[in-house]
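Taking the working numbering, the leading residue of the sequence shown gets 2, the next gets one more, and so forth. Where a beta carbon is used, it is the ideal one built from N, C-alpha and C, also for glycine. One structure is given here, and the rest of the page talks about it.
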Amino acid sequence: MYQIEFRKSSEKDFKKINISDIQFIRNSLNEFAKKFSVEYETDLMASGKIKKLKGQREELYRLKLRTYRIVYKKYDDKLVILVVHVTTREGAYK
C-alpha cells in the first residue's frame, strides 16, 4: 500500500473546500492508495480517471474525483503518493 502525503499547498487547498467534499476526497485517496498498482493505474488511465500531465519538469499525474482534480506525484522507491494540488476542474490547470 502506498502512503499519502500532502504538500502544504494542498493543505491550503482543503481550506477552500466544504467538509463533506473533503471527507469524500480523503476517503477516495485512501482507497486509491490501498488499491494502487501498475495494473490499477493502467486501468484508470484507460478509463480517463488518471492522466499524466504534459509539459512539467517533474512527472505529475491528475486524478479526477467528481468535480475535483488531484495533482499527485509518486515515488516508487518510497511508496509515497504526494498530493501536490486539490482544486475544482475550473482551477486545475491555471
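With DSSP collapsed to three states, give me the class of residue i.
i     : result
Gln24 : helix
Glu59 : coil
Where does the unbroken alpha helix (DSSP H) through residue i begin, and where does it stop?
i     : result
Tyr62 : Not the alpha helix (DSSP H): Tyr62 falls in the beta strand (DSSP E), residues 62-66.
Lys13 : 9-15
Tyr3  : Careful: Tyr3 lies outside any alpha helix (DSSP H) and carries neither H nor E.
Ser38 : Ser38 -> no alpha helix (DSSP H), and no H or E assigned at all.
Can you tell me where the beta strand (DSSP E) with residue i in it begins and where it stops?
i     : result
Leu83 : 81-89
Ile18 : Run containing Ile18: none; DSSP gives neither H nor E here.
Lys74 : 69-76
Lys52 : 51-53
If residue i and residue j are in contact, beta carbons under 8 Å, what's the gap, nearest whole angstrom?
i     : j     : result
Lys50 : Leu61 : That pair is no contact at about 15 Å.
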